[in-house]
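Novice: According to our numbering, the residues represented by the sequence shown are 174 to 274, in order.
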Amino acid sequence: MARLTKKLAKQFLSNCAPEHCFWCRDGRILCNLRELAEALESMSGETFSYHANKEKNDFAKWVEDIFHDSALASELRRARKASGAARRVKARIAELEKLAK
174 MARLTKKLAK
184 QFLSNCAPEH
194 CFWCRDGRIL
204 CNLRELAEAL
214 ESMSGETFSY
224 HANKEKNDFA
234 KWVEDIFHDS
244 ALASELRRAR
254 KASGAARRVK
264 ARIAELEKLA
274 K
């Protein structure tokens with residue numbers, strides 16, 4: 174895994190291209206990690222389970238495929254509830270913001 178640099182941190186925190194935004198089952202469209210954290214904080218268990226279950230984790234896949242943040246993707250795969258996923262995303266954002274300054 175590449176060393177986390179200021180440039181990489183800024184990349185992880187930026188918006189993705191519009192065609193790569195995440196479309197939630199509940200109708201929300203997410204284009205960056207901050208929006209993901211906000212969505213997870215208020216997401217229903219049903220919506221979370223639709224996207225993250227034993228067969229798949231759409232959030233982790235999106236973070237890894239679009240932002241190339243394998244560390245956060247790995248953390249998201251371990252989350253069993255939306256609240257736990259939100260905490261992990263918020264912690265990663267705080268780490269990235271500190272480095273991106």
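The beta carbon of each residue, even a glycine, is placed where N, CA and C say it ideally should be. Keep in mind the model is a prediction, meaning the values are calculated, not measured.
Along the alpha helix (DSSP H) that carries histidine 224, what are the first and last residues, could you check?
Specialist: Numbered from 1 along the sequence shown, position 51 holds the residue referred to as residue 224. From DSSP, the alpha helix (DSSP H) with histidine 224 extends over 218-224.
Novice: Hey, is the region 258-269 in contact with the region 229-246, meaning 3+ C-beta pairs nearer than 8 Å?
Specialist: Contact holds: three or more Cβ-Cβ distances are below 8 Å.
Novice: Which residue or residues does DSSP assign as beta-bridge partners of phenylalanine 195?
Specialist: Numbered from 1 along the sequence shown, position 22 holds the residue referred to as residue 195. Paired residues: Leu203.
Novice: Taking contact to mean at least 3 C-beta pairs separated by less than 8 Å, is the region 176-191 in contact with the region 219-229?
Specialist: No, because fewer than three Cβ pairs between the region 176-191 and the region 219-229 fall closer than 8 Å, the two stretches do not touch.
Novice: Whose C-beta lies closer than 7 Å to the C-beta of alanine 212 among residues of the same chain, with five residues either side of it excluded?
Specialist: Numbered from its first residue, the sequence shown carries residue 212 at position 39. Excluding positions up to five away in sequence, the list reads Cys197, Arg201, Leu203.
Novice: Return the residue from the list Asn226, Thr178, Lys271, Glu270 that minimises the CA-CA distance to leucine 249.
Specialist: To locate residue 249, count along the sequence shown from 1; it is residue 76. Of Asn226, Thr178, Lys271, Glu270, the residue nearest in Cα terms is Asn226.
Novice: Once the 5 residues before and after histidine 224 are set aside, which same chain residues still bring their CB inside 8 Å of it?
Specialist: Stepping through the sequence shown from its first residue, residue 224 is reached at position 51. Only Cys197, Arg198, Asn230, Asp231, Phe232 meet the Cβ criterion.
Novice: Just to confirm the assignment, what range does the alpha helix (DSSP H) spanning phenylalanine 240 have?
Specialist: Counted from its first residue, the sequence shown places residue 240 at position 67. Careful: phenylalanine 240 lies outside any alpha helix (DSSP H) and carries neither H nor E.
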